[in-house]
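Going by the UniProt record's numbering, the first residue of the sequence shown is number 1, and it counts up by one from there. Think of the CB as a built atom: it goes at the ideal place given N, C-alpha and C, for glycine as much as any other residue. Just so you know, these numbers come straight off a predicted model, no measurement behind them. See below for the structure under consideration.
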Amino acid sequence: AVAAAMRLGAVLSALRPALPLLLGLSLGCSLSLLRASWSHGAAEERCLAQGPPVPPARGAPPEAAEGRPGLGHEDFRPRIVPYYRDPNKPYKKVLRTRYIQTELGFHERLFVAVLTSKATLNTLAVAVNKTVAHHFPRLLYFTGLRSAKVPHGMVLVAHGDERPIWLMYETMNYIHQHFGSDYDWFYIMQDDTYAQAEQVKALVTHLSINQDVYLGRAEEFIGGDEQARYCHGGFGYLLSRSLLLKLHPHLDSCRNEILSVRPDEWLGRCIIDFLGITCVSQLQGQHYHTYELAKNTELEKEEEEEFQAALAVHPVSDVTLMYRLHKQFSRIQLDRVYQEIQDLQMQIRNLTALTPAGEAGVTWPVGINAPFLPKSRFEVISWDYFTEQHLFSCPDGSPKCELSGASKADVSEIIESAVEQLNRRYQPLLRFSKRQLLNGYRRFDPTRGMEYTLDLLLEAATQKGHSHVLAKRVSLVRPLSKVEIIPMPYVTEATRVQLVLPLTVQDLDFVANFLDMFAMNTLDTHDNALLTLLFIYHPYDAQRVGQVDVFAGVKAMVGELEKRYAEVKIPWISVKTEVPSQVKLMDIVSKKHPVDTLFFLASVWTEINMEFLNRCRMNTISNWQVFFPVHFQEFNPALVYRGEQTASSNTDFLRDGHFDRHSFAEACFYNSDYMTARTKLAADILDRDEVLENMEVFDVFLHYSGLHLFRAVEPGLVQKYTLRSCNPRLSEELYHRCVLSNLEGLASRSHLAMALFEQEQANST
1 AVAAAMRLGA VLSALRPALP LLLGLSLGCS LSLLRASWSH GAAEERCLAQ GPPVPPARGA
61 PPEAAEGRPG LGHEDFRPRI VPYYRDPNKP YKKVLRTRYI QTELGFHERL FVAVLTSKAT
121 LNTLAVAVNK TVAHHFPRLL YFTGLRSAKV PHGMVLVAHG DERPIWLMYE TMNYIHQHFG
181 SDYDWFYIMQ DDTYAQAEQV KALVTHLSIN QDVYLGRAEE FIGGDEQARY CHGGFGYLLS
241 RSLLLKLHPH LDSCRNEILS VRPDEWLGRC IIDFLGITCV SQLQGQHYHT YELAKNTELE
301 KEEEEEFQAA LAVHPVSDVT LMYRLHKQFS RIQLDRVYQE IQDLQMQIRN LTALTPAGEA
361 GVTWPVGINA PFLPKSRFEV ISWDYFTEQH LFSCPDGSPK CELSGASKAD VSEIIESAVE
421 QLNRRYQPLL RFSKRQLLNG YRRFDPTRGM EYTLDLLLEA ATQKGHSHVL AKRVSLVRPL
481 SKVEIIPMPY VTEATRVQLV LPLTVQDLDF VANFLDMFAM NTLDTHDNAL LTLLFIYHPY
541 DAQRVGQVDV FAGVKAMVGE LEKRYAEVKI PWISVKTEVP SQVKLMDIVS KKHPVDTLFF
601 LASVWTEINM EFLNRCRMNT ISNWQVFFPV HFQEFNPALV YRGEQTASSN TDFLRDGHFD
661 RHSFAEACFY NSDYMTARTK LAADILDRDE VLENMEVFDV FLHYSGLHLF RAVEPGLVQK
721 YTLRSCNPRL SEELYHRCVL SNLEGLASRS HLAMALFEQE QANST
């Protein structure tokens with residue numbers, strides 16, 4: 001009995017943690033059964049009830065009376081469209097659209113059309129382009145001139161007829177034909193109109209796209225119906241996509257039947273006669289505010305609420321007035337933003353006081369993310385020290401370099417801002433002026449922006465004229481602003497990649513592995529990639545090539561590949577030189593390929609794979625961007641594993657190595673871009689070929705092209721460890737970069753420290 005009781009106690013103790021779970025499941029099942037029985041009983045009673053049915057509400061469809069959604073709700077009910085393919089028809093690959101928004105039927109928000117003329121194309125139209133064009137997603141200029149000369153940076157559509165009514169007719173036809181299915185809103189304005197772009201964009205975000213909208217400054221027709229209104233063209237007007245689609249079939253009738261002198265009256269009459277829609281200045285709670293500019297108006301003193309709230313101002317008589325309006329409205333908008341920031345900061349302070357952290361939880365500056373808190377010493381963000389003349393953390397790794405360019409402008413601006421903020425805080429009691437920057441520190445915090453700490457030597461002057469020199473430490477933050485998506489040209493993954501592989505005598509031991517990886521990842525998979533070999537002969541080896549060809553083994557491997565893959569040809573080019581300059585070698589290859597060739601300049605240690613080749617195609621854009629990947633270099637296994645078995649599992653991928661930022665051997669670029677940059681370089685060096693020995697292809701694009709240089713880590717390029725041979729005949733910078741690449745590629749600091757520790761232990765014993 002005692003043994004049985006002990007066994008029962010042991011079982012109960014084991015089940016005790018699970019008792020709440022079992023009780024919960026039992027209670028849940030019981031309640032579910034009870035609810036099911038009640039629901040079943042209620043349904044039976046409803047079915048057995050005898051009496052007249054309850055009539056539906058007035059105006060409700062029969063489906064609504066039965067508890068089902070009516071016809072008006074069909075758009076909101078999910079519908080499952082089953083996939084069916086006729087087995088009797090051959091399978092055909094579905095062609096996908098370029099962008100997902102096209103496939104889903106999304107539209108762009110706003111299209112802007114500016115009507116201009118011969119007299120104002122090079123004056124007011126250019127002023128509109130410089131002030132507001134960069135704020136709108138798409139803006140086109142329309143004119144009646146024939147073969148008009150287009151000012152720089154403008155997209156002009158010339159209809160060839162300067163009659164105002166004809167220009168409006170052709171413009172509406174053009175907008176419907178080319179952009180009617182791509183945009184939700186169409187804003188029409190004249191070049192003598194100043195429009196607040198941000199206000200117009202904000203307006204369309206608050207309007208429903210399902211209505212026919214004709215919005216602007218409503219004006220009465222002369223001698224017409226008192227109820228009908230047209231939108232004044234001088235103040236701009238907004239048309240919805242649905243209205244444009246309904247209006248387009250009637251444009252020809254309007255052109256033939258409606259007589260008018262003004263194009264805006266003609267368009268308004270056309271919309272009213274055929275669609276029955278009149279112009280309104282207020283819709284869905286949104287007001288279209290305008291301001292009619294009088295002559296000799298002093299804009300800087302204009303404080304009327306009507307002026308400050310205006311979306312459009314008209315008439316703008318000259319270019320100077322357009323720029324003054326832009327300056328004034330920019331100042332008004334800036335003041336609003338600063339006031340909004342102050343209000344938000346006050347709200348944050350008030351709400352933070354109610355949190356558990358209290359006022360101590362308020363970060364500085366208020367509203368900006370708190371500084372990044374590192375979890376280990378490896379995540380600490382270091383500060384860079386600088387003065388007004390020098391920077392002590394240089395991009396090339398040198399301890400000291402001259403402060404110039406954007407860095408110098410940044411330091412000057414931040415010092416001026418610090419003194420300005422001090423004067424704003426202490427005036428009129430004190431006025432500060434800078435004497436000297438004693439110490440400067442800055443660091444980039446990815447969570448908030450660039451942080452600065454300045455030790456300033458200041459001269460403080462009082463109202464009575466007394467002055468005193470003092471040192472003051474200030475802290476500033478340049479926060480990260482709104483992130484913008486830069487529009488990029490569309491590229492595909494179908495572009496052919498031409499691999500270029502330079503080979504020297506020191507590379508012969510690694511060629512076999514390169515060719516094997518190339519055959520496995522490109523030839524076997526039928527990837528659209530070709531290979532060209534560049535044999536670099538030393539002058540001594542070139543003289544003996546008839547007796548002993550140092551690249552004979554490589555040529556034999558190429559012959560075997562061409563036999564295995566009958567459709568593949570791998571050409572090679574032989575070059576004789578003592579200094580294998582990357583630019584000189586690329587000059588030879590460039591002349592032997594078409595201008596639209598996409599080059600991938602590879603190294604013999606590169607392991608080609610389809611993943612990287614696709615990224616090479618996508619990241620390289622003709623006449624726009626070149627791609628310089630940073631490959632992953634594995635560490636020396638003798639130092640990392642020290643006799644242990646090398647880790648080869650997928651979990652250790654990109655673990656025991658580093659991204660070699662000193663190497664620029666790999667590059668993706670188009671031949672046309674290289675030829676353009678190379679032409680500029682040739683004009684600069686004037687036949688001084690020795691300069692080319694100190695340059696790489698990266699330097700050519702950096703200094704002699706206006707393209708984007710995309711430099712990013714590339715996990716698809718993994719290279720095994722090898723000790724590279726650094727040619728001492730190269731320039732000092734290239735040789736130093738090669739040596740640093742070898743040294744940093746040995747092992748990590750922890751691995752090197754462990755190797756030194758074990759060596760000292762071995763020596764001590």
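Beyond the five residues adjoining it in sequence on each side, leucine 503 comes within less than 8 Å, by CB distance, of Val511, Leu533, Leu534, Phe535, Ile536, Phe551, Val554 and Val604 in the same chain, given in chain order.
Contact between arginine 138 and tryptophan 185 does not hold, since their C-beta atoms are separated by about 11 Å, which reaches or exceeds 8 Å. When DSSP reads this structure, leucine 601 sits in a beta bridge with Val500 and Ala667. Measuring C-alpha to C-alpha distances from tyrosine 187 to each of His152, Lys149, His232 and Val713 identifies His232 as the nearest. Counting C-beta pairs closer than 8 Å gives fewer than three between the stretch 202-219 and the stretch 116-133, which falls short of the contact rule. CA-CA distance, leucine 476 to alanine 418, rounds to 7 Å.
For glutamate 420, the number of other beta carbons within 10 angstroms of its own is below 16, and it is reported as exposed. Membership of glutamate 304 in any beta strand (DSSP E) is not indicated, and neither H nor E is assigned to it by DSSP. Under the three-state reduction of DSSP, alanine 294 is assigned to coil, being neither helix nor strand. By the criterion of a C-beta distance shorter than 6 Å, valine 380 is surrounded in its chain by Pro374, once the five residues flanking it on both sides are discounted. Bridge pairing for aspartate 384: Arg442 [DSSP]. Residue nearest to glutamate 170 within the set Thr447, His526 and His159 is His159 (criterion: CA-CA distance). Here asparagine 88 is exposed: its Cβ has fewer than 16 other Cβ atoms, across all protein chains shown, within 10 Å. Annotation for tryptophan 266: the continuous alpha helix (DSSP H) segment containing it runs 263-275. Every alpha helix (DSSP H) of 4 residues or more that sits fully in the stretch 364-429 is shown, in chain order, as 405-426. CA-CA distance, asparagine 694 to glycine 153, rounds to 37 Å. In this structure tyrosine 230 is buried. Its beta-carbon is surrounded by 16 or more other beta-carbon atoms within 10 angstroms. For the 9 Å CB-CB criterion, leucine 121 and aspartate 191 form a contact.
Note on geometry: alpha-carbon atoms of proline 399 and leucine 523 lie some 48 Å from one another. The straight-line gap separating the alpha-carbon atoms of serine 467 and tyrosine 323 is approximately 42 Å. About 19 Å separates the Cβ atoms of leucine 734 and threonine 606, ruling out a contact at the 8 Å cut-off. The beta-carbon separation of glutamate 562 and lysine 569, rounded to 6 Å, stays under the 8 Å limit for a contact. Taking the Cα positions, phenylalanine 600 is about 6 Å away from valine 500. According to the DSSP assignment, phenylalanine 179 belongs to the alpha helix (DSSP H) that extends over 164-179. The Cβ-Cβ distance between arginine 435 and leucine 458 falls below 9 Å.
Residue state for glycine 449 is assigned as strand, using DSSP reduced to three classes. Per DSSP, reduced to three states, the secondary structure at glutamate 459 is strand. Secondary structure remark: continuous beta strand (DSSP E) runs of at least 3 residues inside the stretch 519-586, in chain order: 529-537 and 572-576.
For serine 672, same chain residues with a beta-carbon under 6 Å away, outside a window of 5 residues either side, are Val595 in chain order. Under DSSP, tryptophan 185 forms a beta bridge with Leu110 and Ser240. If you look at proline 715, you'll find it in the beta strand (DSSP E) that goes 708-719. By the Cβ-count criterion, asparagine 350 is exposed, with fewer than 16 other Cβ atoms from all chains shown falling within 10 Å of its own Cβ. For phenylalanine 329, same chain residues with a beta-carbon under 8 Å away, outside a window of 5 residues either side, are Tyr194 and Gln196 in chain order.
DSSP places serine 467 inside the beta strand (DSSP E), whose first and last residues are 467-479. Per DSSP, leucine 156 is one residue of the beta strand (DSSP E) stretching across 156-158. Here the alpha carbons of glycine 449 and leucine 334 stand approximately 21 Å from one another.
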